[in-house]
Each structure stands twice: as structure tokens, then as C-alpha cells.
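> Chains as they are written, first to last, in this note's numbering: chain V, 1 to 502; chain B, 1 to 332; chain R, 1 to 354.
What follows is the structure, given as C-alpha cells:
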């Protein structure tokens, strides 16, 4: 009988009164790719933290090599070959690739042997099927390359269990494919890969088994051949799916509010042309790396275009700063709400008024506190933001509620053009539906929406028209009613896909 | 750390305020007052209090604007050198034949330019304020020395000296009046105005501020200009109070000033703190120095103790955080 | 394949640039000042750099870890005073013990800094602002308002600054300079060839990643401050030897000069990159400018500080703009390679359904 690489028996974890994980059991086999799926808040990240020694479990056992183990810290887990790789790359920008891989090597002694390190690094990279300049500083590497360096580092430490937390979330199609190949290579070398992903098509492509979590509970572990997308989703969500993907008829009006012609930013994107009418929802679809956010940022003035034209309500405009864009009624709701969209330590009302602060400043420069608070209250009700009061700090809210506060900030501006970047990333299903309704209501009242989304079902549900981008180029615009996942993927990958997707 | 622009309309918030850093400072202040009063009956007299303020008036005036700078997530190490430069420029101009009144105006202009210079490198070239103001700390001091060399310049007009040394309104000299007026104006701006809100926002997360349409560069530039201009004013007040200038006027003051602000609860990382905290810190430091004078503790030891106080002001809150984290494991 | 021993990297470019600037400065002043380039210049600069470079090296160790040590001036002064007092009372102590005492004494101060920064989590600028004042006031207390005078010091110490290790054609290579060179080489070796030394760079480059990778960040930072204190203590010894008369203001302002030397030498104030060789060259450049300005008749000697300030600002600006340009170029190169790979390697996407 093959012994497991890692076993967790009846693991529970409580944070005060919150039961993050209850009676979870799993046995990882060496040389398998084991997918872990579940909605946000299902307990995946808690599980990973316990697995890698960040938190101790409240109860239950962790078994490695048939012996129960207690991790005092992540170093203990690392010594046993259990390593996690997160989306935030943990590399050293000032050191080169070789040093990044071997920096924490404890076995080679006190002296640095450059030659040996270089050849070892080359070997490692070859094993992973990659080749790039090892002398480069990690700062100049792309996100995908930095991830591979981390994986190489894990391999160099003889990792037996490598956890990958949403590894392809920010990668281009090509890079994601490379990463999946690396996962397969690791599997062939006998490593147990725990693969966490929201992209079910990936799971089906590479996983051997899949475990479902929901609300901190273990739901199931099955062989990949025994599940379907629908069965997985219904286990993740706990109910039958289908309702909130229903389409709503277009509310588009005649007047064009935003028109973009031959927009380009040197080295980033080119030849982007489209228009958005009042009441219309134009979805920008494509895989991550298609540079849709860059197009949005050029319209919003953060990273202006180097050539091309932008017209707002028929007038040509030159947008060089966010303030100029906002004056023209353009709002941009960022995909990274924690870093770019919100001020986490500050209260809801301070966040809600941030884009429209001038409205709450009297002629003497004094803040109109009452008006600010009442505005925040209004939005709290309207968007159903669950919080004790509008003076609660945003950091204390859940992801979905944080997203709503960010939305409140921009809706308060009463924008004519709302650019919404990945509206439902990282929020639970219930909040997702609420956000979709808010977008529909906004369009119904005559607002124009430019929606960037990597979630195909979401695109199909919301779009009046779909614009597909790939690697900085526009591949086509077509009608929302007749779009299918297949046709969008066709354009997004620049291929003709011959096999149907169910 | 207190939340900025906190709303006191509900009782739990008021309680939070009391248990905050400002509340802690208030307790310490009362303690210091009690000890000082027990050591000398003269402590609470108007004359003593005014004298207490007077000796450090230039530092505490600059501490007010330094509060803004640090809340904004920056630092200005050049303030003392600007004080020195402004005092020396005044002396140099006056002795070159320029009328004192005109010299004052020119010196304020010099302060403005120093701030704009700092601001240019920080906002347009994106060089960290620590490095820029470290260089200008040396550079501006150097310019002061070029003007004054190793001489001392005194013999200022009588009215100038009088303004610096004699009481103007009742028992209060001009400098003290300026301090109070500045405190009220700056306190108002920081805690009740849109500009103040933006200062906090940028200190919290400058990128998010940019993405929400805040003109970060403009506000930083304004702050650095304000910092250097007020420092120039402080330099003039110093020259008037002491009646003479030398190349090393105000040398080393920046450390006291930063200590006062950090002690007042402003986080070195930006985004939190209050002018009230700075005021309480000023009162504590001044009273402490006075008390130490009374107890015959020499100036150097006083400085050392203030240094110790600075370290403790961060150490103690850290210890509290560790203790609470230890007692209830929180999800990160 | 023959590998060129020095990487064509921004770091080395910087040092190369520094050497070029240094040569230009020397040549410039040679045209301005009569009888400038001669042995006297070499001796004068090497003697004073011996002191400045030592603390610049120590400061570099700290800055590499993304911290700063503003207390070095106070430690230098205290160490000089302490050793002076020690020698005044026990003039027959073995010189080596005196040096060790200086190093040990400085280390104690460094360790206190290190404890507060690494283990108590207080930001280094706050700790060292505080200890700068604390150490200085302790010195004043310790000195009892007296000062050390040369007359009370043993002969070997007083004549140390004049002693040469070797003299080549009139170019005296002083013992003090050699001490600094030895420390420089040791530091450079440790930072480039010892794993623990590389950790300094890792910690400064990305402290979170360093922790994540299993590096003992606290220990590394603690070590950096301890070494900085140790070097400051050693500098106190050299300072005592050079000046003899020590008052309580000894070493005042040294911390700024040490940071300036490091920054001019290409050490990144945010940590993670830079070299002690650069800091050494930076100290030389600062010293050369200082000495030369005094002798240059065109402008008054009082311009020294202003020029220093301008120099620091200039070098940081040049560094920042240069590294931004280099990063942009390298990213462009990456993107075009990627695009080529993407178009070349595109294969049929197979999508497996349930």
C-alpha cells in the first residue's frame, strides 16, 4: 500500500467563535494532482495554512510518513517538504534567479559556490521544462516567471507536497498552460500537488482527484472521472445552479456615450476601437494577459494612451489624469480592491466619499460630516452592505461587502460611464448576484457600462455586446445574444476550437 | 491609534477615544504635572509656563506642521536646516543693508523655495523623502554656513529683538501667539477640512488615493512647501529671541521635533495620528524638561531621556499588540 | 565557455561610474589647485577615509537589510572616550586588547539597537534616533564633564596614525588605512561568499519572502546592527588615535556622513542592493571633495556642506533615473521574447468537458 504524502485526520480549526474548518479529512498520495475547490470563505486558505504550519489545528492530527506531526511554524513544515506557493510572488527582486532558488539552502554549507549553484539551477529549470536567463534579477521577471522560480525553489528543497493557490489567476493563456505542464512534471516526479483553482476547466485538465469544501466542511473527495462541472458546482454551492445566469434584455439606447477609435499604448495594446451607448453593457472578454485593464486605465487616465482618439458624448477628449476622466463622468472600479480600491483602515463613509470629496466640502473648506454620513447610510441600504454601522472600518468587512463599498464610492459620482474591472472576483455567490443586479439597475437608468470579466458565464449573462481581446489586440465585437462560450474562447485564444464545450 | 476625523456621536466611540493613545498621553501629562507641582510651587505660575514654552517655541511650532508630513507618510529632515538658513539669511541680508522688513519677506520666500525644491524631487522625480530631505538637511545647512561663515551676526533692530523677547499681548510674546494661532488653524485643517482628509487618505494608501482622483503630487508639494515656510518663520523667531545668528542655529532640532510628533501617537508609517496628540506630547516633553531642570538633571541627560521616551512610545503599543495576539489567536 | 568574471549588472555599472566620477573630480581639481596630485593628497585622504569608510561599511550592512543606524556617531564618540579613559588609567594595556575592547564596547550598543529593531519590532529610524540621544547623553554622564587629552595617552597610540605598513616611493600606506582595507575585504567577502551574508540582501530585498523562505530575519537584522556597532567601536579606536583630545561632542554628525557615503556609493536606501566597495568609494569621493574644496581658492571653504548635500541628491537622482530606464529596457526585452514564444508555440487548445 502506498503511504500518503500527507494525511489530515479530523482537522478542525476555530478562531474564537468562528468555525473556519470542521472535521476535515484528506489523504494526499505522492505523485498525484489533487484539486481543491470551494467558494471563497469555504475554508481552503485555512486548510492550507494548517497544512503548511502557519496555524496549529484546534483539534485533529496531521500525519507525515505515518507519524503524527505538530508544526511549530512554517519552517517545520518546510523541513518535511511541505511548501505552498501563493499568488503574491515571494521572490527577491534584487537577487538573480539562481540566488532566488537557493537562498534558503541549508545543506550546502556556509560558503556560496556560484558555479555549483548555477549548474544546479540549470538542471532544475530543465526538469521543469523551462529555459530562461538565470542571471537576470528577479525584478525583471514576469509574474509567471517569478512563480516558476518559487516552484524551482520548492523543488530544490526536495518538496514532497506543493500547494498551489490559484496559480493561474493572473497568468496569460500561454503562461497558464506552462504552469499546468509544470504541475504535471511535478506529479511525474512523485510530488503531491494540491491545486486550488476556480477554473474548473483546469481542474478537469490536470487533476487526478478533486476535493470539495463548503462552509468549512469537507464535502467529498472523488476521482476526476467521477465528477462533472455541474456536480462540482452544486457541491460547492449546495444548490442547483442555473438561475442567476439568466439573461436580461438589453436596455441600450441610441446615443453613444463613449467612443474609442484606434486607441493604442505603445508596447501594451493597439488598434482598439469600440463604442458604448447609454444603457448598454459592453463586456470586455478575454483571458488574463489580454491587456483589458490597460485599455481601461488609458480611458481612466492612469496610464494614458499614446495614440488614438477618445470621444465622450460626441466630443473628442484628451485624458491624462484620473481627475480629467472623472470630470467627464468616467468611473473606474478597480479589480484589486484591497490595494487600489479601498482604504482598509478607514471607515465606510470615508471610503464612500473619496471620489466625490469636493461635494462634502463647504466653501470654507470644512468637511460636511453629516452629509457624508447620510450618503453612506443611503448606500448601505441601497446596496445592502452588511456592517454594524457606516463608521465601521472597511477592513472588518467581508470581501463582498468591501466590493459594495467600493461600488458605492463610484456610484455616488453618478458616472455616465462605469468601467467595472472583474466585478465579482473573490466574492461569494450571494454577493455576486447582488452585484449583477446593481449593474443591471445602473444600465437601466441610462448608464453605460464597460465590464471587464474573465468569468465567461458572467459575460454571457450580462453582456449586450462582447468585445474580445487577446494579447493587447482586439479580436472582435459581437452581439451578446448570439455569443457562446465557444465563440468567445475562439476569439480569445485566436484559435478555431474543434471540440464542443458542454 | 485613533481613527482620523472620528465621529464622536456615539458613546462607544467616545470610550474608544479615551482608551486611545491620546487618552494615554493625557494620563501621563497629569502624572508629570503632579510630580512637577510637588517639586516646585512655581511650576503652575504663568511666568513659568510661558518661559517653558518660550525656550522651545521654534521647535514646537514646526512640530505642528511635521505632524501633517508624517501622517501623510513622508518625513522632512531638513526643517532645522531651513530654520538655520532662514536665520542666517536674515542676518546676512540685514547686514548687507537690506531693511529688516524686506529681509523678513525675502526669508519667507527662501523658505518657500526650499520647500518647493524638496517637493520637486519627491513628487516629480519620485525620490524617497528620507533621502531628499537628508541631502537638503546637509545642503541647506551648508548654504547657511556659506552666508555666515564662522562669524556670528547680531545687532538686529530693536523692534525685531523686542518682538522676539518681550511680551506682546498681555504676558504672551509674539512667538507664543503664533503657536496658538497656528495650532488652531492647522488643527482645524487637519481634522475638519477636505485637505486634512486627503492628507490622511494619502498616508493610508497613496495608490488608492490616485485611483480615486486625488492629486497626490499637489498635496505633497503643498505640505513640503508649508513645512519649509513655517520652518523659515521659526528661524526668524529664533533669531529675534536670541538676538544673534550663527551657522549652527537650530542644529539637531529635527530630532526633537520628530520625537515630539511620534510620541504624540503619529505612526511613522503614515495614515494615523492627531494634532491633539502632538499638543499633548509637546506639553509632556516641555513639562518633563522643566521638571528635570527643577530636579537638577542636566540638559544632556534630559535629551537622553527624551530619546528613551521615543523608543518606549512605540515599544509599549507593540507589547500590547503582542499580548492581545497571544491571548486570542486571530485569523490573519 | 569563458565567463566574464564581473556581471554586466546595474550594480557594477554604478561602481564603474563612481570610479569615473572620482577620476574626473581629481583631474578637475588638479587643473585648479597647484601641486594637487601628489603623495600628500594620497596620504591625507587615505588617513581620513580610514575613519569614515569604516562606519560607512557598518552603515551599509544595516541599510542592506532595509534599516538605518543613526546612532553610529554617538557610539564612535563614546567608544573613543571609553578607550581613552581606559588607556589613561592603564597605560600598559596590550594594544590588541584595546582594539578588542573597542569592538566589544561598540557591539554592546549595536546589540541593543538590534534587539529593539529585530525583536521588539520598533522601526529602526525611531530606535536609532532614540539611542543616538541616549548614547550621547550616557557619554556625557560617563565623562563627568571632563575630556581626554593626548598627553595622558600612551605613546604607541599617539604615534599610530603616522605608522606605515609600507611606504612605496614616498606614498605612505598607513596602518590605519590598512586596517580599514582589511575590514573592507572581509566585509565584501562575507557579503558575497557567505550564505549568511547573502541573507542580508534577501532580507532587505523582500523581508516577507525572506521569512517565507526560512531565513531567520530577526537574527540577520540583529547581526547587522551588532556589526555596525562593532565597526563604530573600532572607528572610535582610530578616532582616538588620530585626534587624541576627545570631548563629549566627538563623532557628532558622523551618522549623516556614513549614510551619505553609502548612498553616494550606490547602496539602495530601501535595502537589498549595493556593496561595501561602493560605500568605500563613496566615502573616498566625499572626502576628496571635502579636502579639495578647502584648498580651492575660487569658492570659500564653507561650501563644503552645501556641495555634499548636492552630491548626495545628484547621485540618488542619477541612480533612480538610471535604474528606471534599465528596468524599462529589460521589461521590453522580456515582452517581445514572450510574444515570439506565444506565436511560435501556440498549439491547439483542447478543452475537455465533463
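Just so you know, even glycine gets a beta-carbon here, dropped at the ideal spot from N, CA and C.
Quick one: give me the first and last residue of the alpha helix (DSSP H) that residue 137 of chain R is part of.
Translated into the one-based positions of the third chain, residue 137 of chain R becomes position 137. 124–143 is the span of the alpha helix (DSSP H), which, as asked, contains residue 137 of chain R.
> Would you call residue 228 of chain V buried or exposed, if buried means 16 or more other Cβ atoms sit within 10 Å of its Cβ?
As a working mapping, residue 228 of chain V is identified with position 228 in the first chain. Exposed: under 16 other Cβ atoms inside 10 Å.
> Quick one: which residues of the stretch 48–67 of chain R get their C-beta closer than 7 Å to a C-beta of chain B? List them in chain order.
The residues in question: there are none.
> Compare the beta carbon distance of residue 39 of chain B and residue 119 of chain B with 9 Å and say whether it is the shorter of the two.
As a position in the second chain, residue 39 of chain B is number 39, starting the count at 1. As a position in the second chain, residue 119 of chain B is number 119, starting the count at 1. Contact: no.
> What does residue 126 of chain B touch in chain V if you count any residue whose Cβ is under 7 Å from its own?
By 1-based counting over the second chain, the position of residue 126 of chain B is 126. None at all; the shortest Cβ gap to chain V is about 16 Å.
> Got a sec: which bits of the stretch 293–307 of chain R sit with their beta carbon under 8 Å from any beta carbon on chain B, in order along the chain?
The residues in question are 300, 302, 303, 304, 305, 306, 307.
> Quick check: does the Cβ of residue 307 of chain V come within less than 8 Å of any heavy atom belonging to the ligand ZN?
Among the ligands in the structure shown, none appear at all, so the ligand ZN cannot be discussed.
> First and last residue of the beta strand (DSSP E) that includes residue 86 of chain V?
If you number the first chain from 1, residue 86 of chain V lands on position 86. Per DSSP, residue 86 of chain V belongs to no beta strand (DSSP E) and is neither H nor E.
> Give the interface partners of residue 119 of chain R over in chain V, defined as CB-CB distance under 7 Å, in chain order.
Counted from its first residue, the third chain places residue 119 of chain R at position 119. Within chain V, no residue comes near residue 119 of chain R; the closest Cβ sits about 16 Å away, beyond 7 Å.
> Does DSSP put residue 46 of chain R in a helix, a strand or coil?
Against the third chain, residue 46 of chain R aligns to sequence position 46. If DSSP states are grouped into helix, strand and coil, residue 46 of chain R belongs with the helices.
> Taking 9 Å as the threshold (beta carbon to beta carbon), is residue 14 of chain R in contact with chain B?
As a working note, residue 14 of chain R is residue 14 in the third chain. Not closer than 9 Å to any Cβ of chain B, the Cβ of residue 14 of chain R fails to qualify, so no.
> Touch check for the stretch 398–410 of chain V and the stretch 312–325 of chain V: three-plus C-beta pairs under 8 Å?
They do not touch, by the three-pair rule.
> Note down, in chain order, all residues in the stretch 116–143 of chain R with a beta-carbon under 9 Å from any beta-carbon belonging to chain B.
Listed by position, the residues of the stretch 116–143 of chain R near chain B (Cβ gap below 9 Å) are 116, 120, 121, 122, 123, 125, 126, 127, 129, 130, 131, 132, 133, 134, 135, 136, 137, 138, 139, 140, 141.
> Can you find a C-beta in chain B that's less than 9 Å from the C-beta of residue 310 of chain R?
Here residue 310 of chain R corresponds to residue number 310 of the third chain, with the count starting at 1. Yes, contact with chain B.
> Buried or exposed, going by whether 16 or more other CB atoms sit within 10 Å of the CB of residue 37 of chain R?
The sequence position of residue 37 of chain R within the third chain is 37, counting from 1. Exposed.
> If we define contact as Cβ-Cβ less than 9 Å, is residue 440 of chain R a contact residue for chain V?
Outside the displayed span of chain R (1 to 354) sits residue 440 of chain R, for which this structure offers no information.
> In its own chain, which residues sit with a C-beta less than 7 Å from the C-beta of residue 278 of chain R, not counting the 5 before and 5 after it?
As a position in the third chain, residue 278 of chain R is number 278, starting the count at 1. Closer than 7 Å at the Cβ level, and outside the excluded window around residue 278 of chain R, lie 14, 15, 18, 265, 266, 267.
> What residue does the alpha helix (DSSP H) around residue 403 of chain V start on, and which one ends it?
Locating residue 403 of chain V in the first chain gives position 403, counting from the first residue. 399–411 is the span of the alpha helix (DSSP H), which, as asked, contains residue 403 of chain V.
> Residues bridged to residue 198 of chain V by DSSP?
The count along the first chain starts at 1 and reaches residue 198 of chain V at position 198. None; residue 198 of chain V has no bridge partner.
> Check the C-beta distance from residue 72 of chain B over to residue 343 of chain V and give it rounded, since I have them as a contact under 8 Å.
Walking along the second chain from the start, residue 72 of chain B turns up at place 72. Walking along the first chain from the start, residue 343 of chain V turns up at place 343. Residue 72 of chain B to residue 343 of chain V, Cβ: 14 Å. No contact.
> Is the beta carbon of residue 285 of chain R less than 9 Å from the beta carbon of residue 21 of chain R?
Locating residue 285 of chain R in the third chain gives position 285, counting from the first residue. Locating residue 21 of chain R in the third chain gives position 21, counting from the first residue. Yes. Within cutoff.
> Any Cβ of chain R within less than 9 Å of the Cβ of residue 9 of chain B?
Here residue 9 of chain B refers to the residue found at position 9 when the second chain is read from its first residue. For residue 9 of chain B, the predicted model reports a pLDDT of 37, less than 50, meaning its position is unreliable; a value from the coordinates is still stated below. Judged by the 9 Å Cβ criterion, residue 9 of chain B is not in contact with chain R.
> Going by DSSP, what residues sit across from residue 67 of chain V in a beta bridge?
Along the first chain, read from residue 1 onward, the residue named residue 67 of chain V stands at position 67. Residue 67 of chain V pairs with V:64.
> Any idea which residues DSSP pairs residue 211 of chain V with across the strands?
For the purposes of this step, residue 211 of chain V is taken as residue 211 along the first chain, with counting starting at 1. Bridge partners of residue 211 of chain V: V:36, V:221.
> With 16 as the cutoff for other CB atoms within 10 Å, does residue 184 of chain B come out buried or exposed?
To locate residue 184 of chain B, count along the second chain from 1; it is residue 184. Counting Cβ neighbours within 10 Å, residue 184 of chain B comes out exposed, since fewer than 16 surround it.
> Please state if the CB of residue 366 of chain V and the CB of residue 193 of chain B are separated by a distance shorter than 9 Å.
Taking the second chain and counting its residues from 1, one reaches residue 193 of chain B at position 193. Taking the first chain and counting its residues from 1, one reaches residue 366 of chain V at position 366. Cβ distance < 9 Å, so residue 193 of chain B and residue 366 of chain V count as in contact.
> Please determine, among V:437, V:60, V:208, V:213, the residue with the shortest C-alpha to C-alpha distance to residue 226 of chain V.
Here residue 226 of chain V is taken as the residue at index 226 of the first chain, counted from 1. If we check each option's Cα against that of residue 226 of chain V, V:208 comes out closest.
> From residue 276 of chain R to residue 252 of chain B, what does the alpha carbon distance come to, in whole angstroms?
Taking the first residue of the third chain as position 1, residue 276 of chain R is located at position 276. Taking the first residue of the second chain as position 1, residue 252 of chain B is located at position 252. C-alpha separation (whole angstroms): 28 Å.
> If the cut is a Cβ gap below 8 Å, which residues of chain V does residue 197 of chain B touch?
As a first step, residue 197 of chain B is located in the second chain; it is residue number 197 there, counting from the start. Going along chain V in sequence order, the residues near residue 197 of chain B (Cβ under 8 Å) are 350, 357, 367.
> Please report the residue range of the beta strand (DSSP E) in which residue 306 of chain V lies.
Start at 1 with the first residue of the first chain, and residue 306 of chain V comes out as number 306. Segment: none, residue 306 of chain V is in no beta strand (DSSP E) and carries neither H nor E.
> Checking 9 Å against the spacing of the C-beta atoms, do residue 335 of chain V and residue 471 of chain V come in under that value?
By 1-based counting over the first chain, the position of residue 335 of chain V is 335. By 1-based counting over the first chain, the position of residue 471 of chain V is 471. No, the pair does not count as a contact, with Cβ atoms beyond the cut-off.
> Counting only the same chain and skipping the five closest in sequence on each side, list residues whose C-beta sits under 6 Å from that of residue 99 of chain R.
If you number the third chain from 1, residue 99 of chain R lands on position 99. Within the same chain, residue 99 of chain R has close Cβ partners 237.
> Flag this pair as yes or no: are the beta carbons of residue 462 of chain V and residue 248 of chain V separated by less than 9 Å?
The residue you call residue 462 of chain V lines up with position 462 of the first chain. The residue you call residue 248 of chain V lines up with position 248 of the first chain. Cβ distance < 9 Å, so residue 462 of chain V and residue 248 of chain V count as in contact.
> Closest to residue 68 of chain B by CA distance: which of B:257, B:121, B:124 is it?
Along the second chain, read from residue 1 onward, the residue named residue 68 of chain B stands at position 68. Of the listed residues, the one whose Cα sits closest to residue 68 of chain B is B:257.
> Kindly list the residues whose CB is nearer than 8 Å to the CB of residue 401 of chain V, restricted to its own chain and excluding five residues on each side of it in sequence; keep chain order.
By one-based count along the first chain, residue 401 of chain V stands at place 401. Same-chain partners within the cutoff: 385, 386, 387, 431.
> In terms of alpha-carbon separation, which member of V:492, V:47, V:444, V:74 lies closest to residue 252 of chain V?
The residue given as residue 252 of chain V occupies position 252 in the first chain. The option with the nearest alpha carbon to residue 252 of chain V is V:444.
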